[in-house]
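Visitor:
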Amino acid sequence: MITEEKVSEFSLEGRFISFVGDVEEKPKRLRLATSEGERYIKLSKELRGSLRDALQPGDWLKISGEQKYKYKTGELKLKAKQVTIKAPSTQENVFQPPVAAPRTKACVMVCQKSSCRKRGAGDVCQAVTASLRERGLDDQVAIKGTGCMKQCKTGPCVVFMPDKSRYTGVAPKEVSKLVEKHFAAKLKPEESKPELSGVT
Ligand code: FES
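Following the numbering used here, the numbering of the sequence shown begins with 19 at its first residue and continues without gaps.
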């Protein structure tokens, strides 16, 4: 019988960036900057309430839990069961989230609600992170997880700020061209490529 997914334990260390989703409620996910890139990690129900007031951007965390790898889609989902603050943030090690840096309020907002996540919003987030980093824009353009944008059936839904351009049905492979299209002014001329066409 063909196994569709592999479930195993994971343990990761990295710097806490932010919670994802509605922080006024109990946040369901967090972003962690690790040596292998940024990770979105789901929180177990037990952790959601207790972590909201306990974590500060820049805290160095050790997170362990369960990971599921889907062979069909290549999707890897991480769910935290234990979060330990190994070193609290200090003036020296505070991680400066991209959201605080830009004066132009440039950011990419990706819907993180269930319909969009089912349609691949997690992969789109990772593609945005990789694309910004590849172009050296990760300190100028923030990534934000948002609530439902009422376009659930055509997700994943993504908005580029400050021009408020909204895209639906975004595939990870389209992200690179969208980043170039919207943030070309921030790129050096030789890094800017032709504009995207055909993505709605
Ligand atoms: S769930 Fe993403 S737009 Fe509604």
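Built from N, CA and C at the ideal position, the CB exists for glycine as well.
(1) In this structure, does DSSP put Q85 in helix, strand or coil?
(2) Considering just the uninterrupted stretch of the beta strand (DSSP E) at K99, what are its terminal residues?
(3) Say the cut is 7 Å; is the CB of C143 nearer than that to a heavy atom of ligand 1?
(4) Look up L196 in the DSSP assignment and say whether it is helix, strand or coil.
(5) What is the residue span of the beta strand (DSSP E) that K46 lies within?
(6) Between the C-alpha atoms of V25 and L96, what's the straight-line distance to the nearest angstrom?
(7) Check the C-beta distance from L50 over to G32 and give it rounded, since I have them as a contact under 8 Å.
(8) Measuring only from the beta carbon, is K191 closer than 7 Å to any heavy atom that is part of ligand 1?
(9) Where does R153 fall in DSSP's three states?
(10) Between K46 and the rest of its own chain, which residues show a CB-CB distance below 7 Å, the 5 nearest in sequence each way excluded?
(11) Can at least three beta-carbon pairs, one atom from the segment 173-190 and one from the segment 140-156, be found at a separation below 8 Å?
(12) Under 8 Å by Cβ, that's how I've got S107 and P75 pegged, so tell me the actual separation to the nearest angstrom.
(13) How about K168: is its Cβ closer than 7 Å to a heavy atom in ligand 1?
(14) Are the beta-carbon atoms belonging to T164 and T186 less than 8 Å from one another?
Guide: Quick answer:
(1) Position 67 of the sequence shown holds residue 85. Strand.
(2) As a position in the sequence shown, residue 99 is number 81, starting the count at 1. Unbroken beta strand (DSSP E) run through K99: 94-105.
(3) Counted from its first residue, the sequence shown places residue 143 at position 125. The answer is no for C143.
(4) Residue numbering aside, residue 196 sits at position 178 when the sequence shown is read from its first letter. In this structure, L196 counts as helix in the three-state DSSP scheme.
(5) Here residue 46 refers to the residue found at position 28 when the sequence shown is read from its first residue. Unbroken run through K46: none, as it is neither H nor E.
(6) Along the sequence shown, one-based indexing puts residue 25 at 7. Along the sequence shown, one-based indexing puts residue 96 at 78. Each residue's Cα considered, the two are about 10 Å apart.
(7) For the purposes of this step, residue 50 is identified with residue 32 of the sequence shown, where counting begins at 1. For the purposes of this step, residue 32 is identified with residue 14 of the sequence shown, where counting begins at 1. Right, their Cβ atoms sit about 4 Å apart.
(8) Translated into positions along the sequence shown, residue 191 becomes position 173. No, ligand 1 has no heavy atom inside 7 Å of this Cβ.
(9) Translated into the one-based positions of the sequence shown, residue 153 becomes position 135. Note: R153 maps to coil in three-state DSSP.
(10) Here the question's residue 46 lines up with position 28 in the sequence shown. So the qualifying residues of the chain are G39, K60, L61, R66.
(11) yes
(12) Indexing the sequence shown from 1 puts residue 107 at position 89. Indexing the sequence shown from 1 puts residue 75 at position 57. Yes, S107 and P75 are in contact; Cβ-Cβ is about 6 Å, under 8 Å.
(13) The count along the sequence shown starts at 1 and reaches residue 168 at position 150. For K168, the distance from the CB to the nearest heavy atom of ligand 1 is below 7 Å.
(14) Counted from its first residue, the sequence shown places residue 164 at position 146. Counted from its first residue, the sequence shown places residue 186 at position 168. No, they are not a contact pair.
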